[in-house]
Every structure is written in C-alpha cells, then in structure tokens.
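Some notes on the structure that comes next.
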Amino acid sequence: MFKKTIGILGGMGPVASADTYMALIRICQQQYEAVQDSDFPTVVLYSLPLQEFDHIGFTENSVQRKAILDQLVKALYKLEDAGAEMIVIDCNTVHYFLNELQAVIKTPIINLVQLTVDHLLTSKYQQVGVICSQTSKDLNLYAGPLEAARVKVINTSVEEQDKVNEAILAVMSGSVTPHHIAKLNQIIWRFKEAGAQCVVMGCTEISNIARQFDNKTILVDSEILAIEKALELAK
Numbered sequence: 351m352f353k354k355t356i357g358i359l360g361g362m363g364p365v366a367s368a369d370t371y372m373a374l375i376r377i378c379q380q381q382y383e384a385v386q387d388s389d390f391p392t393v394v395l396y397s398l399p400l401q402e403f404d405h406i407g408f409t410e411n412s413v414q415r416k417a418i419l420d421q422l423v424k425a426l427y428k429l430e431d432a433g434a435e436m437i438v439i440d441c442n443t444v445h446y447f448l449n450e451l452q453a454v455i456k457t458p459i460i461n462l463v464q465l466t467v468d469h470l471l472t473s474k475y476q477q478v479g480v481i482c483s484q485t486s487k488d489l490n491l492y493a494g495p496l497e498a499a500r501v502k503v504i505n506t507s508v509e510e511q512d513k514v515n516e517a518i519l520a521v522m523s524g525s526v527t528p529h530h531i532a533k534l535n536q537i538i539w540r541f542k543e544a545g546a547q548c549v550v551m552g553c554t555e556i557s558n559i560a561r562q563f564d565n566k567t568i569l570v571d572s573e574i575l576a577i578e579k580a581l582e583l584a585k
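Heads up, the sequence shown is in the numbering used here, so the first residue is 351 and it goes up one at a time.
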C-alpha cells in the first residue's frame, strides 16, 4: 500500500515522538484498514536528545540557536542516509528553523505549521485559540501566519502559559495528573468563551494528552495533520 519511506525526527521530547509513531499506526488501521505487517509503511524514527533545548526552548537571538540548528542538520542527514523519502519533524517549536533546514537537505520536510495554518484557512475559521510551547508563542510561530491571513488568534495569558509549560514538563517526565488536564481544559473553555471556533494543539506534548481534553471543542492537532500528510505522500 505504501511505497515510500517516512522519516520521523523525534526526541523533542521522546514521549511525544513515541506517541507520534503510535498515532501513525492508529491512522493506518483506521483510515487505511491496515492489518498485516505489509499494510503499514516503512518508517525510520531517529530520536535526537537535543542539547541546549528544554521545555521553555530558546530565544531568537540566543547562543543556543546555532547549537540547536547544527544538531538538527546532523540528525536530518542521518535520516536521509537511512532512506527517508520525506521527513516529519516531531516538534512544532523547531519548525522555526524549517527554511534553514530544508535548504541543506534534499529530502522534503513536511511543514507541520503550514499544514495546520492551511487547514484552518480551508476550514474558514475566523477566530482560533492556540496552545503551544513558550518559545512557539514568543516567536509567533502560529500567530504570525494566522494573523497575516486575517485570522484572529487568542493566545494564552502569562498565567495560562505557565500552566501550559507545567503540563508540557509533566508529559516529558511521565507525571501528568488530572490537575494538569483540568488546567488545560480551563484554558480551552476560556478560549471558547472569547470566541474561538477551534483550538490548535501546537505542541506535540500537548497532542500527547489531547484525547483527555473537552470533547465538545474542535481541536486541530498539528501532529495528526503531519502524519496524515506523510501517509498520503508515502502512497
């Protein structure tokens, strides 16, 4: 069924990357009726223990920037050498480097952020809430292109972002509790009250626990959109 090899650059963090691979399997089962081993695609997962990068991330002009970029480039070369014919980078935040990364490798990188923005525009949402990492928020990773397309973005407050950061760290450490889920649901409800028609899961750690969120809210999961695109291309 699938003719091309999918590469996944993960490790940022490892829990989210494992969830991405499992999500890929679930989508193959549910959307492609995959059962036998041969029904699933060839997948190369490279887990990069990225240095100079934590749940808070980096700033645009920080000394960490070059160190992070160098590590990402080396990891992408490894995926190319392993036979990846398309690559999903399983971290929203490092898509900040996407143009620089794509410039140095031949293998196409699936633009997770642009896929999400395009989905929102195609769906004609006028107001959206965004839950993402501290760095993605600070760098306007989603707010920038959405606002340029005249979509109103409802961001987290400083206090709410602290709660998001805590939840991301809890996923990374395997210590998520109902308390974390409740705080994130409060943010989602506040977004809805402010007029959000949907809420973007703009962080793969948040995607990891999204199934526990308010099921009456339309959640747009960047991770799932990227996996679906990779499977489409792999056919």
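We put the beta carbon where it would ideally sit given N, CA and C, even for glycine.
Nothing here was measured: the structure is a model prediction, and the numbers come from that model.
Coarse secondary structure for residue i, derived from DSSP in three states
| i | result |
| --- | --- |
| Ser507 | coil |
| Lys502 | strand |
| Gln476 | coil |
| Met551 | strand |
| Glu564 | Contrary to the premise, residue 564 reads as Asp rather than Glu in this sequence. In this structure, Asp564 counts as coil in the three-state DSSP scheme. |
| Ile559 | coil |
| Lys579 | helix |
| Gly494 | helix |
| Lys513 | helix |
| Pro528 | helix |
| Val423 | helix |
| Ala584 | helix |
| Ala453 | coil |
| Met328 | For residue 328 there is no data in the structure shown, the boundaries of the chain being 351 and 585. |
| Phe447 | helix |
Cβ-based burial, residue i [other Cβ within 10 Å; buried from 16]
| i | result |
| --- | --- |
| Glu573 | buried |
| Gln536 | exposed |
| Tyr446 | buried |
| Lys456 | exposed |
| Lys542 | buried |
| Pro528 | exposed |
| Lys513 | buried |
| Gly388 | A quick correction: the sequence has Ser, not Gly, at residue 388. Exposed: under 16 other Cβ atoms inside 10 Å. |
| Met372 | exposed |
| Val438 | buried |
| Lys566 | exposed |
| Pro458 | exposed |
| Val508 | exposed |
| Glu555 | buried |
CA nearest to the CA of residue i, picked from the options
| i | options | result |
| --- | --- | --- |
| Leu465 | Ile358, Asp571, Ala584 | Asp571 |
| Ser473 | Lys533, Ile481, Leu569, Ala493 | Leu569 |
| Thr506 | Thr527, Ala546, Val467, Gly524 | Ala546 |
| Ala425 | Lys354, Leu400, Arg415, Phe541 | Leu400 |
| Tyr492 | Ala417, Lys513, Ala373, His469 | His469 |
| Val550 | Val480, Lys416, Gln452, Ile375 | Val480 |
| Phe352 | Gly361, Ala384, Thr370, Asp440 | Ala384 |
| Ile518 | Leu451, Ile559, Lys579 | Ile559 |
| Gln380 | Leu583, Glu578, Ala584 | Glu578 |
| Thr443 | Leu583, Thr567, Glu582, Cys553 | Cys553 |
| Leu534 | Lys354, Phe563, Thr355 | Phe563 |
| Ser483 | Val463, Gln511, Lys566 | Gln511 |
| Leu448 | Val423, Ala432, Leu471 | Val423 |
| Val501 | Cys441, Cys548, Arg376 | Cys548 |
| Val394 | Glu402, Gln421, Leu374 | Leu374 |
Counterpart residues of residue i in DSSP-defined beta bridges
| i | result |
| --- | --- |
| Gly357 | Val394, Ile437 |
| Ile459 | Ile437 |
| Leu569 | Val549 |
| Ile538 | DSSP output for Ile538 lists no bridge partner at all. |
| Lys482 | Per the sequence shown, the amino acid found at residue 482 is Cys instead of Lys. Answer is Gly552, bridged to Cys482. |
Between the region 363 to 379 and the region 520 to 533, are three or more C-beta pairs nearer than 8 Å?
yes
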